[in-house]
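Read top to bottom, the protein sequences are chains R and G.
Residues 1 to 337 in this note's numbering are what the first sequence spells out, letter by letter.
Residues 338 to 674 in this note's numbering are what the second sequence spells out, letter by letter.
2 protein chains.
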Amino acid sequence: MNNQRIVLASRPTGEPSAANFRLEAVDLPALQDQQVLVRHHYLSLDPYMRGRMNDGKSYAQPQPLDAVMIGGTVGEVVESRHPGYAPGDKVVGMGGWQQYAVVDAAQPGALRKVDTTHIPLAAYLGAVGMPGVTAWVGLTQIIVPKEGETVVVSAASGAVGSAVGQLAKARGCRVVGIAGGPDKCAYTTDELGFDACLDYKALGHGKELSLALKAAAPNGVDGYFENVGGAILDVVMARMNAFGRIAFCGMISGYNGEPIPMANPSLILVSRLKLQGFIVSEHMALWPQALKELGTMVATGKLKYRESIADGLAAAPEAFLGLLKGRNFGKQLVKLA
Amino acid sequence: MNNQRIVLASRPTGEPSAANFRLEAVDLPALQDQQVLVRHHYLSLDPYMRGRMNDGKSYAQPQPLDAVMIGGTVGEVVESRHPGYAPGDKVVGMGGWQQYAVVDAAQPGALRKVDTTHIPLAAYLGAVGMPGVTAWVGLTQIIVPKEGETVVVSAASGAVGSAVGQLAKARGCRVVGIAGGPDKCAYTTDELGFDACLDYKALGHGKELSLALKAAAPNGVDGYFENVGGAILDVVMARMNAFGRIAFCGMISGYNGEPIPMANPSLILVSRLKLQGFIVSEHMALWPQALKELGTMVATGKLKYRESIADGLAAAPEAFLGLLKGRNFGKQLVKLA
């Protein structure tokens, strides 16, 4: 059987381009004992993949050249030589940028069966998947919001940001989003229930954004979920209350090589801030608790989300490059079947 | 009775100078009920005073103009109209830059009687006082060092830094100091038992310091006690291990107005660091526990310290300006009686 896949053809210098990827077709091998063949329905595209394309030191191993790009996937078992899986089972895994994956199902965590009765399959890549759990961990373990506090989140209409805001609202917080463009902003306030949203494309990254944040967070900022990095971090830091907490989840702005400095780190002392970085895959023990809350909220309509769906594997590179530029609106997926 | 005192005459623009201070003599008022007259033996000079000289937003109220400069003091009760204090009692307080203080002893925390049987009076301004507790809180509450981990501390020969290193050694850590000059470095390794000390005056604040740190901390850095800020922070951050902790205690470099940026905040995410600022006066509940350990260590010779003693109140401004430039060696005091 034929399998289309996308491999990393070369490492980017600076901004990545479509030329860094190569689409190729290979034959699928016959299944070995304990293996499962999964046909992917959706591939998840996520900012962390940009970091993997580099060769430098990061928290994760670099993506090898000429190997299938890593990525989260949902799909359906089409063939199984593992007793725990049968054709028709819906599964979540890290199948990568390809139509099919041969998975060693005996390996812990390689595949997880999911129930699609009340939760759409694709949601397991978003609100009830890695992005949702990322929001949950950063909010509940680092920001630890109290009722009545103000929480700010950047990339607010994205898969992580939209969950952060709704989880914080469910905890009685005032929530202020930061997003690019009037449509994304209106979405977070009108559909997700955020109290305010600041459009950095209109307000810029300096004085005007700072004044808008002051107006939107009149009691100051207690928690900030950082999805972006760069100048927006500086603006929010300057508005943090004493004992504020910042969860560092994404630093998109810095992925292309040049580090972006933090303007005034002495605020960490002056405002007695706590800044903490985390990676959701290092908090596996928390996933069941997080997925339970997220799944219940999605099934009952209390956690809303939006998806940008690219059609077909060949569309994945452009969709990924668009994600890095914020062109997606909500969780970026690629439909593979 | 006559009392000499130093008031803040003007606020500095940029670097402070002796002209910002004014020495004056005033008559002491007669004691009211519940008041105590304390003759100061030593005044403590500390970096935080620089922040108080500014008018801008900081964690503390600015020092008022024409009022006595604030400061920690130890001394002896010479007259008392409070039943809990008698002439001859040794006390610690915040008496300010003056020879005598009239203290409302009924105010909680205004005065604390201390025992000088095994601990010298001046030590209550250093190793068994605010600097010692500062070291203890930052180390045990934020860095939380495990045996075998590597802890780095800047301003290593100072009152706080020397306690941080010895407390970390007592917990089984490898300790690397950063200090200015060969004498200060030799002191931390030869007398305080640090494993290594890096002289930033010889090594600079860049590549050479970074390579020296790599050699001194071959397993990377797990905890960093930040007393300085600026470029040294960048060097240490780049050597932090995953899940490293940085306690922000001082940012001397930035006190003169211009914020000094942090070069690469994306390391917070990449290395999953925790950075946290703190002020020791906001952790009063921990003082008894901290003072108990510090006092025992001093009394048994396990916590060593060094003092720079300026003679007489008139010498305080120059001693303070020298402290800000790192000219002191150990805890900076002014002998007043």
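Think of the CB as a built atom: it goes at the ideal place given N, C-alpha and C, for glycine as much as any other residue.
None of these values were measured; they are calculated from a predicted model.
> Skipping 5 residues on each side, what residues in its chain have a beta carbon closer than 7 Å to that of Leu529 (chain G)?
Replying inline: Ser499, Gly502, Gln503, Lys641
> Going along the chain, which unbroken runs of the beta strand (DSSP E) with 3 or more residues stay wholly within the segment 513-548 of chain G?
Replying inline: 533-536
> So what's Gly433 (chain G) in DSSP terms, helix, strand or just coil?
Replying inline: The DSSP-derived three-state label of Gly433 (chain G) is coil.
>> Rounded to the nearest angstrom, what separates Ala584 (chain G) and Gly330 (chain R) at their Cα positions?
In response: Each residue's alpha carbon lies about 37 Å from the other.
> In terms of alpha-carbon separation, which member of R:Val280, R:Gly72, R:Ala155 lies closest to Ala122 (chain R)?
Replying inline: R:Gly72
> Given Ala290 (chain R), which residues of its chain have a CB within under 6 Å of its CB, disregarding the five upstream and five downstream residues?
Replying inline: Within the same chain, Ala290 (chain R) has close Cβ partners Val133, Trp136.
> For the segment 604-668 of chain G, which segments carrying the alpha helix (DSSP H) assignment without a break, of at least 4 residues, lie completely within its bounds, in sequence order?
Replying inline: 624-636, 653-661
> How is Tyr85 (chain R) classed by DSSP in three states: helix, strand or coil?
Replying inline: coil
> Does DSSP classify Arg11 (chain R) as helix, strand or coil?
Replying inline: Here DSSP, grouped into helix, strand and coil, assigns Arg11 (chain R) to coil.
> Where Ile480 (chain G) and Arg508 (chain G) are concerned, what is the direct C-alpha to C-alpha distance, given to the nearest angstrom?
Replying inline: 12 Å
> What does Ala605 (chain G) touch in chain R if you count any residue whose Cβ is under 7 Å from its own?
Replying inline: The sequence shown places Ile at residue 605 (chain G), rather than the Ala named in the question. Residues of chain R passing the Cβ test: Phe248, Leu275, Gly277.
> Between Gly581 (chain G) and chain R, is there a C-beta pair that is closer than 8 Å?
Replying inline: No, Gly581 (chain G) lies away from the interface with chain R (no Cβ there is under 8 Å from its Cβ).
> Residue ranges of each alpha helix (DSSP H) run of no fewer than 4 residues wholly in the segment 377-419 of chain G, ordered along the chain?
Replying inline: 385-390
>> Contact between the segment 205-217 of chain R and the segment 184-191 of chain R is defined here as three or more beta-carbon pairs at a separation below 8 Å; is this criterion met?
In response: no
>> What residue range does the alpha helix (DSSP H) around Ile569 (chain G) cover?
In response: If you look at Ile569 (chain G), you'll find it in the alpha helix (DSSP H) that goes 568-574.
>> Counting beta carbon pairs with one atom in the segment 282-299 of chain R and one in the segment 615-632 of chain G, are three or more of them shorter than 8 Å?
In response: Touching, no, given that fewer than three Cβ pairs across the two stretches are closer than 8 Å.
>> Under 8 Å, Cβ to Cβ, is there at least one residue of chain R near Ser491 (chain G)?
In response: no
>> Which residues does DSSP list as the beta-bridge partners of Asn2 (chain R)?
In response: R:Asp27
> Just the Cα atoms here: how many angstroms apart are Val221 (chain R) and Arg5 (chain R)?
Replying inline: 45 Å
> According to the Cβ coordinates, are Ile119 (chain R) and Ala337 (chain R) closer than 8 Å?
Replying inline: no
> With a Cβ-Cβ cutoff of 8 Å, do Gly614 (chain G) and Arg272 (chain R) count as a contact?
Replying inline: yes
> Going by DSSP, which residues form a beta bridge with Val36 (chain R)?
Replying inline: R:Ser80, R:Val103
> Exposed or buried, which one is Ala554 (chain G) when buried takes at least 16 other CB atoms within 10 Å?
Replying inline: buried
> How would you list, in chain order, the residues of chain R whose beta-carbon sits under 9 Å from the beta-carbon of Ala627 (chain G)?
Replying inline: Near Ala627 (chain G) there are no residues of chain R at all, since even the closest Cβ is about 18 Å away, more than 9 Å.
> Thinking C-alpha only, which one of G:Leu345, G:Gln398, G:His377 is nearest Val428 (chain G)?
Replying inline: G:His377
>> Could you give the first and the last residue of the continuous beta strand (DSSP E) run that contains Val152 (chain R)?
In response: 150-154
> Given that Ala263 (chain R) touches chain G, what residues does it touch there, using C-beta distances under 9 Å?
Replying inline: Pro596, Pro598, Met599
> Per DSSP, what kind of secondary structure is Asn20 (chain R) in: helix, strand or coil?
Replying inline: Helix.
> To the nearest whole angstrom, what separates the beta carbons of Gly295 (chain R) and Val128 (chain R), a pair I think is in contact under 8 Å?
Replying inline: 5 Å
> Hey, how far is the Cα of Ala215 (chain R) from the Cα of Ala196 (chain R)?
Replying inline: 10 Å
> Which of helix, strand or coil does DSSP assign to Lys450 (chain G)?
Replying inline: strand
>> Using only the alpha-carbon positions, how far apart do Asn665 (chain G) and Ala656 (chain G) sit?
In response: 8 Å
> Is the Cβ-Cβ distance between Ile515 (chain G) and Val488 (chain G) less than 8 Å?
Replying inline: no
>> Restricting to Cα atoms, I'd like to know which of R:Gly96, R:Asn227, R:Val228, R:Ala110 is closest to Gln63 (chain R).
In response: R:Gly96
>> With the cut-off set at 8 Å, would you say Pro519 (chain G) and Ala505 (chain G) are in Cβ contact?
In response: no
> Grouping DSSP H, G and I as helix and E and B as strand, with all else coil, what is Val334 (chain R)?
Replying inline: When secondary structure is reduced to three states using DSSP, Val334 (chain R) falls in the strand class.
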